[in-house]
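Engineer: Here you go, one structure.
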Amino acid sequence: AVKRIFEAKGRPADNPLIVHVRRREQIGQVAATIPAAAEPLLERFLPGPLTIILPRHPELPSVVTAGLDTVGVRMPGLPLTQRFLAACDTPVPAPSANRSGRPSPTTWEAVQDDLGGRIDCILQGGQTEAGVESTVVDCTTEPVEVLRPGAISVEALRDVLGAVRTESSTEASAPRSPGTRHRHYAPAAEVRLVEDPSETEPGPKHAYIGLDAPAPPDAFGAVFVEPDLEAYAHDLFHVFRTCDEKGLEIIYAQTVPPTGLGRALNDRLRRAAAR
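What follows is the structure in structure tokens.
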């Protein structure tokens, strides 16, 4: 069953999967131990968009963890997902429901576009809440290390733990977390990063997304001006897919200050723009 996940997504076999649980006690089925640093994170943020890297249980199939001795565990908060996990009554390996390398889906229609005919069914759960994926924290290191910034900010983690490391060597070694490959979350259109809308080049096949409006906006094939950082992060992957549907060729994306949710948003933009 786990191998079929990799086949359906076209996912590299060395990219580990996150295991989802419904109840706290199920973590012991996939993790050998729970380090002390993980306890306050479990209390504060679960259920929610946080994935915690723990020592792998010896009975967990190695295909789930891409042969690593660690495993990522998450307890999602979406009610439909919780109901599904309760019905399964077992930990479930579950990546984003997209073709590998593509923007993560935020609606069931996007799942249908990417994986229709490659999977058995789709649960129609509406739109995702955060847009960007979970924050991934490695609790097997000291201090704990953020492997992938996400919906829970580094600042929120530091409020709970104190010391948190953010500089990772993940790119240079086997990935300990999904979403840390250099090029990821990418639309078919070329993504170009700008700090200011004045750096863009208008055109009918060009799009723009950011917090500040470009001028003139009607010179672009599509313009998405977001009211705040939360909306920007929520809408990003949907905008990428919309631009592909429109056949646009270049997407100018405005970067944001690298604090709070901005750290995760810039990470996704940087990986989408990598060539």
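Residue numbers (the numbering used here): -16 to 258. Ideal placement from N, C-alpha and C gives every residue a C-beta, glycine not left out. No experiment lies behind these values; they were computed from the predicted model shown.
State the beta-bridge partners of leucine 176 as determined by DSSP.
Structural biologist: Bridge partners of leucine 176: Ala236.
Engineer: Per DSSP, histidine 189 is paired with what?
Structural biologist: Partner(s): Ile233.
Engineer: Could you tell me the distance, in whole angstroms, from the CA atom of glutamate 232 to the CA atom of lysine 188?
Structural biologist: Answer to the nearest angstrom: the Cα atoms are 6 Å apart.
Engineer: Alpha carbon to alpha carbon, how far is proline 88 from arginine 224?
Structural biologist: Rounded to the nearest angstrom, the two C-alpha atoms are 9 Å apart.
Engineer: Going by C-alpha distance, which of Gly193, Thr242 and Leu140 is nearest valine 119?
Structural biologist: Taking only the C-alpha atoms, the option nearest valine 119 is Leu140.
Engineer: In chain order, what residues of the same chain lie with their CB nearer than 8 Å to the CB of alanine 155, ignoring the 5 residues before and after it?
Structural biologist: Here alanine 155 scores only 43 on pLDDT, less than 50, and its place in the model is too uncertain to base an answer on.
Engineer: Hey, would you say alanine 20 sits closer than 7 Å to valine 127, going by beta carbons?
Structural biologist: Going by C-beta atoms, alanine 20 is nearer than 7 Å to valine 127.
Engineer: Let me know the secondary structure DSSP gives alanine 69 once reduced to three states.
Structural biologist: In this structure, alanine 69 counts as helix in the three-state DSSP scheme.
Engineer: Along the chain, which unbroken stretches of the alpha helix (DSSP H) at least 4 residues long are found entirely within the stretch 97 to 163?
Structural biologist: Complete alpha helix (DSSP H) runs here, min 4: 137 to 144.
Engineer: Name the two residues that bound the continuous alpha helix (DSSP H) containing alanine 284.
Structural biologist: A query on residue 284 cannot be resolved here, the shown segment of the chain reaching from -16 to 258 and no further.
Engineer: Could you give the DSSP three-state label for valine 263: helix, strand or coil?
Structural biologist: What the structure shows of the chain is the stretch from -16 to 258, and residue 263 is not part of that stretch, so it cannot be assessed.
Engineer: Checking 7 Å against the spacing of the C-beta atoms, do serine 117 and arginine 57 come in under that value?
Structural biologist: Cβ atoms of serine 117 and arginine 57: closer than 7 Å.
Engineer: Among all the DSSP beta bridges, which residues are the ones paired with valine 208?
Structural biologist: In DSSP, valine 208 forms a bridge with Gly193.
Engineer: Indicate the three-state DSSP secondary structure (helix, strand or coil) for proline 38 in the structure shown.
Structural biologist: In the structure shown, proline 38 sits in a strand (DSSP, three-state: E or B).
Engineer: Taking three-plus beta-carbon pairs below 8 Å as touching, is the stretch 66 to 84 in contact with the stretch 94 to 106?
Structural biologist: The stretch 66 to 84 vs the stretch 94 to 106: in contact.
Engineer: Since proline 30 contacts glycine 50 with CB under 8 Å, what's their CB separation in whole angstroms?
Structural biologist: Actually they do not touch by this definition, with Cβ atoms about 28 Å apart.
Engineer: Return helix, strand or coil for glutamate 57, following the three-state DSSP convention.
Structural biologist: Sequence check: residue 57 is arginine here, not glutamate. DSSP places arginine 57 in strand when its eight states are reduced to three.
Engineer: Within a Cβ cutoff of 7 Å, which residues of the same chain sit near aspartate 52, ignoring the five residues on either side of it in sequence?
Structural biologist: Same-chain partners within the cutoff: Pro38 and Arg39.
Engineer: State the beta-bridge partners of histidine 3 as determined by DSSP.
Structural biologist: Bridge partners of histidine 3: Arg57 and Val75.
Engineer: How many angstroms separate the CA atom of alanine 190 from the CA atom of alanine 196?
Structural biologist: In a straight line, the C-alpha of alanine 190 is about 12 Å away from that of alanine 196.
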